[in-house]
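Plus 1 on top of the position in the sequence shown (first one is 1) and you've got the working numbering. Taking it in order: structure first as structure tokens, then the write-up.
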Amino acid sequence: MSNRSVAFERWVVALIPLLLVWGIWSFGIWNPWELETAEAARTFGDAGTGASHGSILRTWLIGVGFEAVGVRAWAGRLPGVLGGLLTCLLAFSLVRRYAGRRAALVAVVVLGTSPLFLLNVRLMMGAGIGFAAQTWVGLAAFHSCTKVESTQGRLKSYAWLGGGIGASTLASGVLLGPLPPLLAVGVWSML
2 MSNRSVAFER
12 WVVALIPLLL
22 VWGIWSFGIW
32 NPWELETAEA
42 ARTFGDAGTG
52 ASHGSILRTW
62 LIGVGFEAVG
72 VRAWAGRLPG
82 VLGGLLTCLL
92 AFSLVRRYAG
102 RRAALVAVVV
112 LGTSPLFLLN
122 VRLMMGAGIG
132 FAAQTWVGLA
142 AFHSCTKVES
152 TQGRLKSYAW
162 LGGGIGASTL
172 ASGVLLGPLP
182 PLLAVGVWSM
192 L
């Protein structure tokens, strides 16, 4: 690997997490958008209450963040940021497998610097967790379509896909969560 490639990798590894994390603590909970999500997460699990605002998985993870460190804006945004980091990692893995390491790094740069991605990852009511779950489904579906030598390996592959489908359904619902990557992999496998 050349010195330029190593330098590019180091810049990507340093820049993308910095873009996602930097500043999530610098402003309070936005009223009314994040306030509704924060209130739903704070009361999630109380007697007779459920996730009335957004996805069940996102609300639960934000609630876990609030229970761990208190009701703070950055604690509510942290699950989305972690979902964004996981999305970048899964996208890197997916692209590296089919197009090589350099293409995977470029894909992560494009993903991690896209304004819509950054907005959704850095806000409490964003779709960072849904992005991660949907990418999980896509990666697991691609892996399930490739040659797996053993029956045990195929069962692990299907279990990984089932977990992704469950997480994606809880994060975004069936139509916006697992269905698009499953359809894309289905079309890809037929071509």
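Ideal Cβ placement from N, Cα and C applies to all residues, glycine included. The model shown is predicted, which means the values in this text are computed figures rather than measured ones.
For residue i, the three-state DSSP class (helix, strand or coil)
i	result
T170	helix
A128	coil
K157	helix
W26	coil
R59	helix
F9	helix
E150	coil
W137	helix
Spatial distance of residue i from residue j (CA atoms)
i	j	result
I30	L36	6 Å
G178	Q135	6 Å
L21	P116	11 Å
Y159	R5	39 Å
T114	V13	10 Å
K148	R155	9 Å
M126	A141	26 Å
Cβ shell of residue i (< 6 Å), same chain only, five flanking positions each side left out
i	result
A133	G84, L87, T88
Same chain, Cβ closer than 7 Å to residue i, five either side skipped, listed in chain order
i	result
L16	none
F67	A42, R43, A76, G77
From the options, residue whose alpha carbon lies closest to that of residue i
i	options	result
G131	R73, V107, W12, G81	G81
L171	L20, S158, I63, R59	R59
A39	L183, A74, G174, A108	A74
V7	R102, W34, R98, S56	R102
H144	L120, A108, L91, L106	L91
Residues near residue i by beta carbon distance below 8 Å, same chain, minus five either side
i	result
I25	A74, W75, R78, L79, V82, R123
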